[in-house]
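Residue numbering for the sequence shown follows the numbering used here, beginning at 14 and increasing consecutively.
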Amino acid sequence: MLLPEEDVTLLSIETSCDETAAAIVKNGREIISSVVFTQIPLHKVYGGVVPEIASRSHVEKIGPVVKEALNRAGMTVRDVDGIAVTAGPGLVGALLVGLSYAKGLAFAASKPLIPVHHIEGHIAANYIAHQELKPPFICLVASGGHSHVVLVDDYCKFTVLGKTRDDAAGEAFDKVARVLGLPYPGGPALEALAKEGDPSAFAFHSAFNAGEHYDFSFSGLKTAAINILHNAEQKRETVNKADLAASFQHAVCELLSTKAVRAAKQYGCNMVALAGGVAANGTLRAALENSAKEEGIEFLCPPISLCTDNAAMIGSAGYYRMVAGQIGTLAQNAYPSMQLGG
Ligand code: KG4
Ligand code: ZN
């Protein structure tokens with residue numbers, strides 16, 4: 014892709030789930046400012062994201078968060094070259110808050126609107142973290158809603174080589190964590206507990222995941238973990254929860270990293286990147302790094318602040334969409350099940 018010589022600065026907005034975020038990003042690579050308001054404390058008491066509460070909180074916070082991002086950059090909306098916004102996938106009510114706000118701003122300030130796919134944003138977080146990174150590369154995307162092995166052919170061209178057939182990796186972490194009595198969001202809590210456990214204490218097998226394809230199934234692993242706990246309870250035995258957490262985490266991370274590295278080898282890519290909320294997991298980062306190293310493949314990963322939901326990643330992906338001439342209109346809708354690969 015031919016990149017423009019002049020600077021392009023975008024205001025970007027992300028409200029697909031439980032973070033209200035805005036950022037100012039220059040040329041898709043440089044964060045001028047980034048503000049993230051997390052709703053986690055609001056949803057914690059319910060043990061998961063409550064969509065209606067998420068939408069209402071986005072409505073309250075979107076104005077102040079966008080204002081703060083502009084203030085920290087010393088800019089007004091007149092100073093940016095466009096407004097990038099997550100258009101899907103995600104919770105429809107939550108998406109609509111950010112999208113409607115972005116459309117209003119774009120109309121009022123006569124700026125182009127750039128709709129962005131949330132997962133494309135997660136992948137683009139790697140462009141901010143690794144200034145020299147250029148496609149093609151393989152990206153393992155593991156978040157609360159998605160688990161994809163993606164061949165990033167070009168900045169705006171993606172081939173999904175495999176994905177989960179049931180639960181996403183983050184979803185499986187959250188559900189097992191809940192049964193272990195850990196608070197929402199379960200992923201980080203399970204990781205903390207797993208630090209005290211033995212990852213080889215329990216073995217998890219899956220005939221489906223052993224296949225040569227790049228699809229995943231986490232539902233079976235999740236059920237196996239939950240059954241270990243329930244069976245022990247029925248026999249009035251105790252299970253070492255830290256061991257169970259460590260073993261489950263180990264199984265999920267090995268599975269994800271093995272498939273991603275095999276894809277890199279098969280498609281002749283010498284780089285494999287990690288993205289999405291679960292990319293914050295230290296065991297997954299280490300597993301993918303080690304598997305990649307064994308095959309002489311370079312491993313890339315954004316810092317943790319760019320792995321979980323944020324708007325800077327949307328500003329990066331939006332830059333490449335804008336440069337490719339893919340500008341939206343004020344008729345743009347939100348798509349809760351938007352597919353990656355356009
Ligand atoms: O990408 P993200 O912030 O939101 C979605 O787009 O879904 O991902 C959130 C998911 C949650 O399931 C959360 O439990 C998981 O990422 N997560 C983790 C860790 N930090 C966040 N999973 C495992 N270990 C972590 N350290
Ligand atoms: Zn996400």
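Idealized CB from N, CA, C, for every residue including glycine.
Whole angstroms is fine: what's the gap from residue i's alpha carbon to residue j's?
i: THR51; j: GLU65; result: 15 Å
i: THR89; j: LEU83; result: 6 Å
i: CYS266; j: ASN240; result: 20 Å
i: THR342; j: PRO148; result: 28 Å
i: GLU81; j: GLN345; result: 25 Å
i: GLU145; j: ASN253; result: 45 Å
i: PRO212; j: ALA202; result: 16 Å
i: ASP256; j: GLU209; result: 7 Å
i: VAL129; j: GLN339; result: 10 Å
i: LYS57; j: GLU19; result: 45 Å
i: ILE310; j: CYS30; result: 33 Å
i: SER318; j: ALA293; result: 8 Å
i: ASP94; j: LEU195; result: 44 Å
i: GLY134; j: GLY331; result: 8 Å
i: CYS314; j: ASN139; result: 6 Å
i: PHE53; j: VAL192; result: The identity of residue 53 in the sequence shown is Ile, whereas the question assumes Phe. Each residue's alpha carbon lies about 19 Å from the other.
i: VAL78; j: ASN323; result: 12 Å
i: SER260; j: THR177; result: 20 Å
i: HIS226; j: LYS278; result: 13 Å
i: HIS143; j: PHE312; result: 11 Å
i: LYS188; j: GLY224; result: 25 Å
i: GLY200; j: LEU242; result: 18 Å
i: LYS116; j: GLU73; result: 17 Å
i: ARG27; j: SER156; result: In the sequence on display, residue 27 carries Glu and not Arg. Distance between the alpha carbons of GLU27 and SER156: 15 Å.
i: ARG69; j: GLU308; result: 48 Å
i: LEU109; j: GLU250; result: 48 Å
Considering only heavy atoms of ligand 1, does any lie closer than 6 Å to the CB of residue i?
i: ALA202; result: no
i: GLY157; result: yes
i: GLY199; result: yes
i: ASP256; result: no
i: PHE186; result: yes
i: ASN222; result: no
i: ALA216; result: no
i: CYS169; result: no
i: ALA293; result: yes
i: GLY106; result: no
i: CYS30; result: yes
i: GLY101; result: no
i: GLY194; result: no
i: GLY134; result: no
i: GLY183; result: yes
i: GLY60; result: no
i: GLY111; result: no
i: GLY210; result: no
i: GLY289; result: yes
Does any heavy atom of ligand 2 sit closer than 6 Å to the C-beta of residue i?
i: ASP92; result: no
i: ASP322; result: yes
Just to confirm, is the Cβ distance from residue i to residue j under 7 Å?
i: ALA137; j: SER329; result: yes
i: ALA86; j: ILE45; result: yes
i: VAL154; j: ALA288; result: yes
i: LEU353; j: VAL173; result: yes
i: THR33; j: ILE75; result: yes
i: VAL21; j: ALA35; result: no
i: LEU297; j: ALA258; result: no
i: SER232; j: PHE221; result: no
i: ALA190; j: PHE217; result: no
i: GLY175; j: ASP92; result: no
i: MET326; j: TYR168; result: no
i: GLY61; j: TYR280; result: no
i: SER304; j: SER270; result: yes
i: THR321; j: GLY295; result: no
i: MET284; j: PHE150; result: yes
i: HIS71; j: ALA107; result: yes
i: LEU234; j: ALA214; result: no
i: CYS152; j: ALA286; result: yes
i: VAL162; j: PHE171; result: no
Mind checking whether the beta-carbon of residue i lies closer than 6 Å to any heavy atom of ligand 3?
i: PRO201; result: Of the ligands this structure carries, namely ligand 1 and ligand 2, none is ligand 3.
Practice task
Identify every run of the alpha helix (DSSP H) within the region 135-205, keeping only runs that are complete inside it and at least 4 residues long; order them along the chain.
Solution key: 182-192
Practice task
Spell out a yes or no on whether the region 29-39 and the region 119-127 are touching, meaning 3 or more CB-CB pairs, one atom from each, closer than 8 Å.
Solution key: no
Practice task
Taking only runs that begin and end inside the region 43-85, name each unbroken beta strand (DSSP E) of 3 or more residues, in chain order.
Solution key: Runs of the beta strand (DSSP E) inside the region 43-85: 43-51.
Exercise for the section: Taking 8 Å as the threshold, find out whether the region 331-349 comes into contact with the region 94-101 through three or more Cβ pairs. Expected result: Yes, since at least three Cβ pairs between the region 331-349 and the region 94-101 fall closer than 8 Å, the two stretches touch.
Practice task
Would you mind listing the alpha helix (DSSP H) stretches within the region 197-274 that are 4+ residues and don't spill past its ends, in chain order?
Solution key: 199-207, 232-247
Practice task
Would you be able to state if there are at least three C-beta pairs under 8 Å between the region 235-253 and the region 270-279?
Solution key: no
Practice task
Just list the alpha helix (DSSP H) runs in the region 269-350, keeping only unbroken ones of 4 residues or longer that don't cross its boundaries, in chain order.
Solution key: Runs found: 295-307, 317-320, 325-336.
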